[in-house]
Amino acid sequence: MQKIGVFVCWCGSNIAATVDVKAVANAMRSEPGVVYSTDYQYMCSENGQNLIKDAIRDYKLDGVVVCSCSPRMHEATFRKTALSAGLNPYMVEIANIREQCSWIHKDMEEGTQKAMVLARAAIAKVKKNAPLTAGTTPVTKRALVIGGGIAGIQTALDVADAGYEVDIVEKSPTIGGRMAQLDKTFPTLDCSACILTPKMVEANQHENIHLITYAELENVSGFVGNFTARIKKKARYVDETKCTGCGICTEKCPSRKGLNAFNMGLNTRGAVYIPFAQAIPNVAVIDTENCLHFKTGKCGICQKNCSAGAINFEQKEEILERKYGAIIVATGFRPIDASAFDEYAYTQSKDVVTSLELERLMNAAGPTGGVLLRPSDGEHPKEIVFIQCVGSRCSKDAAKGKEYCSKICCMYTAKHAMLIREKYPDTNVHVFYIDVRTPGKNFDEFYRRAAEQYGVDYIKGMVGKVSVEGKKLHVQGSDLISNEQVHIDADLVVLATAIEPDPTARSIGTMLTASMDTNDFFTEAHPKLRPVESPTAGIFLSGVCQGPKDIPETVAQAGAAASKVIGLLSKKELVGNPCVAHANELLCNGCSQCEKVCPYGAITYEDKEVRGPEFRGTKRIAVVNEAICQGCGACTVTCPSTAMDLKGFSNNQIMEEVDAICR
Amino acid sequence: MQRELMERIRALMDKGVADQVLAWKRGEFFYDTEPAILTKDELGEMVYDSFCGPNLSKYLIKEMPKIENKILALIKPCDSYSLNQLITEHRIDRDKVYVIGVGCKGKIDVDKIRAKGVSGITGVDENGDKITVHTLYGDTTLDRKDVLLGKCLFCKGKEHRIADETVGESEDTSEGSDRFEMVKKLEQMTPDERFSFWRKELSKCIRCNACRNVCPACSCVKCVFDNPNTGVQNKAAANEFEENLFHIIRAYHVAGRCTDCGECSRVCPQGIPLHLLNRKFISDINELYGTYQAGECAGQRHPLIDYTQEDSEPSIVHERGNNG
Amino acid sequence: MPMNQEWKPKIVAFCCNWCSYAGADLAGSSRLSYPADVKIIRIPCSCRLNPLFILRAFQRGADGVILCGCHPGDCHYSTGNYYARRRMTALFGMLSYLGIDSRRTRVEWVSAAEGAKFAETMNDFAKTIYALGENVKLEDLRCKEN
Amino acid sequence: MKKLLLSKLDEWLTTLSETQRIILPIKQTDQVNFGVYAPGAEVSLETLRTVKSAKDAFFPQVENMMNFRSEGKSISVETVPLEEEDFILIGVRGCDEKSFEILDRVFLSDPFDPFYAARRKHATIVTLACSRPDENCFCTNFGVDPTNPKGDVTSWIVDGTLYLTGNTEKGEALIASLEDANDEPVAAQQNKTREILEKLPFAHLDLNGFDGDHLMEKFSSSKWADLSEACLGCGTCTFVCPTCQCYDIRDYDTGRGVQRYRCWDSCMYSDFTLMAHGTNRPTQVERFRQRFMHKLVYFPSNNDGTYSCVGCGRCLVKCPQNLNIVKVIKALGGDRNDN
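Residue numbers (my numbering), protein chains in the order written: chain X, 2 to 664; chain D, -9 to 314; chain W, 2 to 147; chain C, 1169 to 1507.
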């Protein structure tokens, strides 16, 4: 028989005024298993705690029930008390007789009776408690950043500055991401490259940051503090250590068929190329689909012209396996494919462009050298129509488009409109919009400047159709304010296409068992309180992979994610929550239902030899990684055989409480 | 069809595809068929006819550890759902089974023949829609559809949802019946009427566990009702509560996974319509979370281990009315 | 239903640790009263509530069982209450199908800030159970007094 | 001999039930089981085979044996009174009547079972002869004459009339008030039935070799594996069997104490006779073998050659996968041995 001690707290008069604490203590004395029961004015005081400690020692208690305030107040206190007297802290249960009894009842008799029931329930539970010890795991002091855009770069810099090693894996040949493609940034109109490239350089030169570009994540295993990632470094066919980035090969390359992805395919580049002038690493890469050497086995001009001897047609892809303590997802976004919205004639005319294409058309390093020219005939457009919310804010039942607001379009369109009006005052700019959304510092002022000072023609209403009529684009829309149809013969139409998570996000989410929403944005651990963490421990979120946001928000989130990562990496070891799920291998059917409801991916399966009365041999059984499990218990109810149970809130513990309460 | 099937099995065994087959074998009477694992030498005992009602899929679980190569398994269209579900739950290794989808035109329930007052049965002749039963006391002719197994009246169709090959023709014997008809009828009763309906049925339960043990979804290594540590273990229902408890929990544990194969009701020695419990869950799931058929294909995620943010609240049970 | 004057219902409230248990604490610190017949059992998350616990409560003499958890979307563990919601809907549907009054079981979402809602919910639920009277359909006489 | 028109049966039962409890076959939602008569009950004497046997009248599936009551830290013990009231058990077929003899050997020998004995003492048994045996009947192999069953009263149904004859004082008294009858219709029916019994497929099973002398031979047969292959391990056969008498004694914690009760157990269950170390029959083959070895070998070798089977055919009809004792007898009976 166990030896339980019961300690009834008066909490001054907070409890004692409506609960006869002495009666409770007396009644508990005659409960089976209770060897000691007493009451005291303030159990949480030092004297009160000493009372508990002494009783644990004197009566060799193996269970303690404190009838007091909410466990949310002092459970931790009393657990420490028990520990200091040599009793496992998880052998303590609290009966909440203040918040859930004395404070809500006025009648002494009623309060006392209820307190007794609650005390009995706690006694019943503690009898089924088992000593628990939190597991500890070491932390690998290195972080992995997936994605080398501004979000990834900023997180990496912040983590690296704190003294931890960081690897950035970037799938394209250079870091920089979408921000590198932008011309100017709102609302300050400073040059995007001017503020981004120094950060790229800093990342490249930082002693703690290691760039792994032109590489993809293959597999991730492990758990918080102890991830192992397999990274595939694709073959560039250019030796990174030798290439000086002189660019001679890119000029000499006879193939000119490859579309320049950096310029959104608006022009072409050589088969050997450097994505853009400030690319980091500033190393060429060979596009084997267009390279004559790879296609015909001939050519090799680049190799002949490379004085550094960096061209290596024999280069093989490489697999790196590294260990990390934390992983930051910064996979970013892409604009959706506008061809689904062919009412705007995107596929029918080169002069219907997306906003990101317009960025390139206006950028000095772009295909037109920064002069705004129509892609079809190279003429200056005189009438430009911007169409907002292309693919954003679509209804749930719509066949195409996203339900969400892409958040950045209103502002960049205002920026585009303003820049065009500034540079080409003779060009008329019309913007069709549903709403203009400008929450943000200096955002609304910026938008109003566009509309009021620069004379941008904002039309509330949507465009029904864009049709190609000769050299013109006939735009047919409605003005909801004047309630009339609007017809504009435009030279250029710009679509503010929605942004969506990068298509690689889904497979990365699966690899990391990090949950995603139906739009493939990563879900945060808590929408308000833990916005930069994934529910999966050790996985952090930076930038648009979590939801649409602009550059300052991205940078802020990147820094927040970094601080969380630093907090994790600075720990010597991770102390787990001992109240975790556990699978009884004799009972487990290996049916995989528990795995499906685990929000953390803490459950895996292994084939294991078991010897039980019902089954002898090798069977598939669930294994809970205690470092990942957070103890919600979703798995325990999914398990039909009750093989899965939760320590600290076990089936038997809860059943005993039920029994005691209903007695 | 039996001969065609046997020849095909023999040919597959000759080719070395497998050396055993999970099939039915002839018993003492023409109607008495017994699930069996037969080797090539024992193939002569195999039978496939209108009395092969039992769902064989669950037997594969215990064969799994013994199989080195593959086993042949005869699977009727309705049984194929159970097989898929068991593959989904990793209880059966697809690679170890060569599935022969066997044609089925509905199976006969000898208990239904007996219930028509026919006793001393010695033989049956099938003639299309009619069957002639020979007995110690003379012959009786019955409509075949009147003596089909309960599950055949709600046939899920003639498609095999999993098969490496099929032998023989199948027929959908449901005749457009609504399998939720009785569930709806019960739902329309008053709570007291429902309570009394289920009391009359469940009070017959003898806790033989046949429903559980035959159920392909009840494949737990150890059932909670057999496990002394669960707090619900018992060997017989001591009272009404325990009768209810067993059947509520059994149905709940298979909810979302039950393919509605009907074996529970087929085997109940007391004729309790246990499938009506499972069908309630299926009907609610279909209505609230979208139509779902367990076992339609392997690898499905069933609705009770899934969710949407817009799911209805549990109060819908009360709001839907007629709940007291 | 014959109503014993002395009869007091037994009501079990399962509350998730993060929202509803805290909501109950807030009801307490705000001195918002609800009947003493309601006794709370703390569970980590609403998804920890096994239907077996509910049936056990009825067997042992409970007259009503209520589950309180974080509002959908606010679960401390992200998704727990979504699963709980489906499970309880299914279970309650079955209980009702067996003829057991669906008002004896309830799910309410109560956040840590909703002390008042917690008290109101418990008052209302207790009132409902008083009106329904003693649980007879799901009782186990062995567990009742004598 | 006495007689009673079946149309007057209800009237007679109603009168009898005023002084004694009557247990007889009653139909409830399509199934016929022995149950307590109440006016209006759907009595179904003609049913050849009730789902469960008549043994429940003496050995119910669940019965309370004693209670422990706890108050604080003390425990008191309460005994459960024996059932000491007379009752009438009507409609018992020859096979089930024979099963009482087998149950008596178990429950009335040492250790004596007072719960069973009390009910046995207070029962008046009215048996009912069979006139339409079916293909699953094989009681004649076990010395049962289904046309002339024993009991305190034997009855026959011929053309809508119930004929009864008393075999004991208790029996005579029960039917004393009924109208006298001649026994010709009964004799005619018996002759006709005996002809059918001869023609039944299992009329002559070979039970040779099922005795203590061939125990190891039968036990070690390799045929058990095939015989039990399809066995689901459910308890249907044992629970519908009139002679299965195994039970488990269990304690139920009521929260205020403990109720100690017994309930039927099945040797087909994996937790049958479960002990601290586990079970000594870990696979279904062993459990299946146990059941039939007990009925056909162990029991007769300890009980003067009496088999623990009465040939009622319930297991043949009810086994979900069509396994049964006849298949076992045919596989292992006579000189049919292994190999």
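By construction, the Cβ of each residue, glycine as well, lies at the ideal position given by its N, Cα and C atoms.
Every value quoted in this text rests on a predicted model; they were computed, and no experiment measured them.
Using a 10 Å radius around the Cβ and a threshold of 16 neighbouring Cβ atoms, would you call residue i buried or exposed?
i, result
"residue 1366 (chain C)", "exposed"
"residue 298 (chain X)", "exposed"
"residue 1245 (chain C)", "exposed"
"residue 60 (chain X)", "exposed"
"residue 1472 (chain C)", "exposed"
"residue 237 (chain D)", "buried"
"residue 206 (chain X)", "exposed"
"residue 1507 (chain C)", "Low confidence applies to residue 1507 (chain C): its pLDDT is 43, below 50, so where it sits in the model is not reliable, and the reading given next is rough at best. Exposed."
"residue 202 (chain X)", "exposed"
"residue 255 (chain X)", "exposed"
"residue 454 (chain X)", "exposed"
"residue 69 (chain D)", "buried"
"residue 1445 (chain C)", "exposed"
Take residue i and list the residues in its own chain whose beta-carbon comes closer than 8 angstroms to its own, dropping the five residues that flank it on each side.
i, result
"residue 209 (chain D)", "48, 51, 76, 79 and 81"
"residue 1173 (chain C)", "1328, 1329 and 1330"
If I measure Cβ to Cβ from residue i and keep anything under 7 angstroms in the same chain, skipping five residues before and after, which residues do I get?
i, result
"residue 380 (chain X)", "374"
"residue 37 (chain D)", "-8, 14, 15, 16 and 23"
"residue 285 (chain D)", "71, 72, 74, 75, 151 and 249"
"residue 306 (chain X)", "249, 250 and 253"
In the DSSP assignment, find the beta strand (DSSP E) that holds residue i and state where it starts and stops.
i, result
"residue 535 (chain X)", "Looking at the DSSP string, residue 535 (chain X) is not in any beta strand (DSSP E), and its letter there is neither H nor E."
"residue 170 (chain X)", "166 to 170"
"residue 1199 (chain C)", "1199 to 1204"
"residue 1207 (chain C)", "No beta strand (DSSP E) holds residue 1207 (chain C); DSSP gives it neither H nor E."
Name the two residues that bound the continuous alpha helix (DSSP H) containing residue i.
i, result
"residue 119 (chain W)", "116 to 133"
"residue 386 (chain X)", "From DSSP, residue 386 (chain X) is part of no alpha helix (DSSP H) but of the beta strand (DSSP E) over 384 to 391."
"residue 429 (chain X)", "First-last for residue 429 (chain X): 429 to 434, but that is the beta strand (DSSP E), not the alpha helix (DSSP H)."
"residue 1363 (chain C)", "1352 to 1367"
"residue 200 (chain D)", "200 to 204"
"residue 617 (chain X)", "That residue, residue 617 (chain X), is in no alpha helix (DSSP H); its beta strand (DSSP E) goes 617 to 625."
"residue 84 (chain X)", "72 to 85"
Less than 6 angstroms between C-beta atoms, sequence neighbours within five positions excluded: which residues of the same chain meet that for residue i?
i, result
"residue 296 (chain X)", "none"
"residue 499 (chain X)", "337, 392, 393, 403 and 407"
>> Which runs of the alpha helix (DSSP H) at least 4 residues long sit entirely within the stretch 48 to 76 of chain W? Give them in chain order.
In response: Counting only runs of 4 or more residues that sit fully inside the stretch 48 to 76 of chain W, the alpha helix (DSSP H) segments are 52 to 60, in chain order.
>> To test your reading of the DSSP string, which unbroken alpha helix (DSSP H) runs of 4 or more residues are found completely within the stretch 1415 to 1462 of chain C?
In response: 1452 to 1461
>> Assess contact between the stretch 96 to 109 of chain D and the stretch 223 to 236 of chain D, defined as three or more Cβ pairs (one per stretch) separated by less than 8 angstroms. Is contact present?
In response: no
>> At 4 residues or longer, what runs of the alpha helix (DSSP H) sit wholly inside the stretch 75 to 134 of chain D?
In response: 100 to 105
>> Suppose only complete runs of 4+ residues qualify. What are the alpha helix (DSSP H) ranges in the stretch 441 to 475 of chain X, listed by chain order?
In response: 444 to 449
> At a cut of 8 angstroms, does the stretch 16 to 26 of chain D reach the stretch 1372 to 1388 of chain C through at least three beta carbon pairs?
Replying inline: no
>> Does the stretch 501 to 513 of chain X come into contact with the stretch 410 to 426 of chain X, if we say contact requires no fewer than three beta-carbon pairs (one atom in each stretch) closer than 8 angstroms?
In response: With the cut-off at 8 angstroms, the stretch 501 to 513 of chain X and the stretch 410 to 426 of chain X do not touch.
> Should the stretch 543 to 559 of chain X be called in touch with the stretch 320 to 334 of chain X, which here means at least 3 C-beta pairs below 8 angstroms?
Replying inline: yes
> Are the stretch 184 to 201 of chain D and the stretch 255 to 266 of chain D in contact at 8 angstroms, needing three or more beta carbon pairs?
Replying inline: Result yes; three or more Cβ-Cβ pairs closer than 8 angstroms.
>> My parser needs the beta strand (DSSP E) runs of 3 or more residues fully inside the stretch 336 to 392 of chain X; what are they?
In response: Those beta strand (DSSP E) runs which fall completely within the stretch 336 to 392 of chain X and span 3+ residues are 353 to 355 and 384 to 391.
> Could you give the uninterrupted runs of the alpha helix (DSSP H) lying entirely in the stretch 1279 to 1362 of chain C, keeping only those of 4 residues or more?
Replying inline: 1282 to 1289 and 1337 to 1343
> What residue ranges within the stretch 554 to 627 of chain X form continuous beta strand (DSSP E) runs of no fewer than 3 residues, ordered along the chain?
Replying inline: 574 to 576, 582 to 584, 604 to 612 and 617 to 625
> Which whole runs of the alpha helix (DSSP H) in the stretch 389 to 419 of chain X are 4 residues long or more, in chain order?
Replying inline: none
> Is there contact here, the stretch 1180 to 1194 of chain C with the stretch 113 to 130 of chain W, by at least three beta-carbon pairs under 8 angstroms?
Replying inline: Not touching, per the Cβ criterion.
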